[in-house]
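Report on one structure; see the data block that follows.
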Amino acid sequence: QVQLAESGGGLVQAGGSLRLSCAASGRYTMGWFRQAPGKEREFVSWIRRSGGSTYYADSVKGRFTISRDNAKNTVYLQMNILKPEDTAVYYCAAKTSDYVHRWDYWGQGTQVTVSS
1158 QVQLAESGGG LVQAGGSLRL SCAASGRYTM GWFRQAPGKE REFVSWIRRS
1208 GGSTYYADSV KGRFTISRDN AKNTVYLQMN ILKPEDTAVY YCAAKTSDYV
1258 HRWDYWGQGT QVTVSS
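Numbering-wise (the working numbering), the sequence shown opens with residue 1158 and increments by one.
So, in structure tokens, the structure goes:
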């Protein structure tokens, strides 16, 4: 059973920073998604199992950085220059291969609120 536990959400002013963490029960391909009120869940970023390649949604490119510590089975999302439109519940996701499309495992989510 894959287990994911997010932490690090909170309230921050626009222009500020937050770092989210997601501890996994093993080594997986990891990603971050978010869901704002009244909107569908959307992709934010993902990182290969090796950590060698990273991918971002255009809306966060240049502001967010995904990284991982494979010794700790933990993935991070450093969020800088936060905007009110980044307000959402952020979900950590995992899949067992870089080469499958579907994300099979999800964390419980952590709230990020950016005030203007």
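For glycine and all other residues, C-beta sits at the position ideal for the given N, C-alpha and C.
{"Check": "Own chain partners of residue 1266 with C-beta closer than 7 Å, once the 5 adjacent residues on each side are dropped", "Outcome": "1163, 1246, 1247, 1248"}
{"Check": "Short Cβ contact (7 Å threshold) for residue 1173 with residue 1250", "Outcome": "no"}
{"Check": "Cβ pair count under 8 Å reaching 3, the region 1251-1259 against the region 1183-1199", "Outcome": "yes"}
{"Check": "Cβ pair residue 1176, residue 1165 closer than 7 Å", "Outcome": "yes"}
{"Check": "Beta-carbon proximity of residue 1181 to residue 1200, cut-off 7 Å", "Outcome": "no"}
{"Check": "Residue 1220 vs residue 1237 beta-carbon contact at 7 Å", "Outcome": "yes"}
{"Check": "Selection from 1257, 1171, 1212, 1255 that minimises the alpha carbon distance to residue 1234", "Outcome": "1212"}
{"Check": "Whole-angstrom C-beta distance between residue 1271 and residue 1244, which should lie under 8 Å", "Outcome": "5 Å"}
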